[in-house]
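Some notes on the structure that comes next.
Protein chains: 2
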Amino acid sequence: MTPSRPPARGSSREDILDAAEAIFAARGFEGASMRAIADEAGVAQALLHYHYKTKEGLFEAMFARRSGAINRIRLARLDVMLARGKTSVEDIVEALLRPTIEAGHDPSLGGGRFAGLILAVSTSEGDWQKGLVARSYDPMAERFISALKAALPGLDRANATWGYLFVVGAALTQMTPTGRADRLSEGEARDDDTDAMLARAVTFAAAGLRALAAEEHGH
Amino acid sequence: MTPSRPPARGSSREDILDAAEAIFAARGFEGASMRAIADEAGVAQALLHYHYKTKEGLFEAMFARRSGAINRIRLARLDVMLARGKTSVEDIVEALLRPTIEAGHDPSLGGGRFAGLILAVSTSEGDWQKGLVARSYDPMAERFISALKAALPGLDRANATWGYLFVVGAALTQMTPTGRADRLSEGEARDDDTDAMLARAVTFAAAGLRALAAEEHGH
DNA sequence: GTCTATAGTTCGATAGAC
DNA sequence: GTCTATCGAACTATAGAC
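The listed protein sequences correspond, in order, to chains A and B. Those letters in the first sequence? Residues 95 to 313, per this note's numbering, in order. Those letters in the second sequence? Residues 95 to 313, per this note's numbering, in order.
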């Protein structure tokens with residue numbers, strides 16, 4: 095938008111969102127301060143309030159930008175696959191998980207900087223956080239749940255939903271490189287190698303989903 | 095300890111830990127205030143500092159008490175199973191996941207109040223949080239990883255570690271009842287029914303672990 | 001052990017000049 | 001749009017009486 099004015103070096107509005115993403119991801123919503131974000135962006139603190147009114151407003155703008163970018167990639171890949179016909183569970187899971195890495199900002203920092211933020215918001219009990227998650231992710235989630243049901247006959251809506259949530263939870267919790275996998279595996283797994291992690295996650299998730307489709311839980 | 099003095103109505107030390115658990119779980123470490131915890135416990139704010147010195151000290155004491163209680167149950171169940179010989183993957187996963195519900199404080203609030211706190215701490219980048227997770231969970235995790243390797247020939251250390259982390263991540267992210275599963279499933283799944291969720295999680299996780307044992311990722 | 005009172009800091013947000 | 005300056009409210013932690 096506004097393509098008539100060439101951005102010489104990042105608009106201050108975008109610079110602030112970049113800084114907000116870094117600081118919020120590192121310290122959480124309550125732990126981050128408007129002062130720290132302003133410093134990171136190299137602007138005055140008052141400018142944050144001018145553009146985004148409140149701290150909550152800034153957080154939502156930052157969250158919407160990043161989640162929107164990730165979900166656009168997810169759905170584009172899903173659409174391509176569905177247009178081609180026959181789709182494997184592995185392909186669907188990969189289309190769901192990989193964009194979180196690829197579109198996670200600042201890939202030099204592990205790509206999953208944003209993943210911890212999603213987890214924090216989506217397990218929060220606050221009303222505005224729940225609303226933010228619903229607005230940002232539910233439409234995308236429903237399309238993937240439908241795709242899983244189509245790919246796996248026998249998977250009912252309840253199991254498809256639990257399966258979707260398990261897959262996202264399993265992968266998202268591993269995207270922040272904490273060194274824990276390295277320690278527990280005595281060096282045989284490296285949690286900053288997100289590609290290796292994702293390959294395992296796809297294998298794990300696809301098998302889990304097939305088992306949910308085979309099992310009779312509701313009877 | 096100190097069994098000579100009968101506690102008429104909960105020692106203030108324990109009352110404070112109870113209050114801290116409720117407030118920290120609801121608002122996170124930074125979002126919680128010592129004032130709010132003191133009010134919840136019904137004591138003066140200064141008493142918190144007398145017993146636990148700092149906010150961080152209080153958090154660690156609260157976290158150690160609850161994680162210790164959960165891990166004791168987990169390991170006791172694992173020991174019973176291993177003493178009996180032949181152990182299924184499903185049994186191991188169940189022994190790992192169910193105590194989080196059963197020993198999660200205040201079961202009327204969903205049992206998983208503590209789960210959100212574990213997630214927040216374990217995805218944090220802070221040094222003291224990483225140390226706390228390592229001290230609180232690594233010894234238990236190593237025993238379960240070993241048990242998984244023993245139950246599944248072909249599961250190497252790297253895959254056993256990833257599998258363990260996936261299982262915990264999948265289940266832990268679903269223990270806070272946010273109403274999201276209900277919405278996405280159009281009412282066919284209910285996320286305050288932790289037993290139903292756990293049954294699915296065990297099916298999902300066991301199949302995922304078997305797939306990791308069968309796959310050749312490292313080649 | 002438990003309290004009141006407060007010191008010292010940091011926070012979100014706004015007013016107003018340019 | 002962007003800044004400096006500041007208000008008023010919250011916070012952690014401590015001092016000191018009982």
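Glycine included, C-beta positions come from ideal geometry on N, C-alpha and C. Since the structure is predicted, the reported quantities are computational estimates derived from the model, not experimental observations.
| query | result |
| --- | --- |
| Please state whether DSSP places B/L246 in a helix, a strand or coil. | coil |
| Tell me whether B/E115 sits in a helix, a strand or coil according to DSSP, three-state version. | helix |
| Buried or exposed for B/A254, please, with buried defined as at least 16 other CB atoms from any protein chain shown within 10 angstroms of its CB. | buried |
| Please state the DSSP three-state secondary structure of B/H313. | Here the model assigns B/H313 a pLDDT of 48, short of 50, so the residue's position is not dependable, and the following value carries that caveat. Coil. |
| Quick one: using the 10 Å Cβ neighbour count with 16 as the cut-off for buried, is B/G273 buried or exposed? | exposed |
| Would you report the Cα separation of A/P100 and A/D109, rounded to the nearest angstrom? | Model confidence at A/P100 stands at a pLDDT of 44, short of 50, so the residue's coordinates are unreliable and nothing is read from them. |
| Any residues in the region 266–286 of chain A with a beta carbon nearer than 8 Å to a beta carbon of chain B? Which ones, in chain order? | L266, T267, Q268, T270, T272, G273, R274, A275, R277, L278, S279, E280, E282, A283 |
| State the CB to CB distance for the pair B/G263 and B/L306, rounded to an integer number of angstroms; the pair is presumed to be in contact (CB under 8 Å). | The Cβ separation is near 14 Å, so there is no contact. |
| Whole alpha helix (DSSP H) runs in the region 210–274 of chain A with 4 or more residues, listed along the chain? | 221–245, 251–266 |
| Under a three-way DSSP split, which group does A/R166 fall into? | helix |
| What in chain B is Cβ-close to A/G248, meaning under 9 Å? | What A/G248 touches in chain B: nothing, since even the nearest Cβ is about 13 Å away. |
| Using only the alpha-carbon positions, how far apart do A/A209 and A/P271 sit? | 11 Å |
| Taking only beta-carbon positions, decide if B/W222 is within less than 7 Å of chain A. | no |
| What is the DSSP secondary structure of B/A126, counted as helix, strand or coil? | coil |
| On the three-state DSSP scale, how would you describe A/R284? | coil |
| Are the C-beta atoms of A/G151 and some chain B residue less than 7 Å apart? | no |
| Which residue from B/F157, B/A158, B/D221, B/D185 puts its Cα closest to that of B/A170? | B/D185 |
| I'd like to know if B/E219 contacts chain A, where contact means its C-beta is closer than 7 Å to some C-beta of that chain. | yes |
| What does the Cβ neighbour count give for B/K180, buried or exposed, with the cut at 16 atoms within 10 Å? | exposed |
| What is the DSSP secondary structure of A/H143, counted as helix, strand or coil? | helix |
| Does DSSP put B/A138 in a helix, a strand or coil? | coil |
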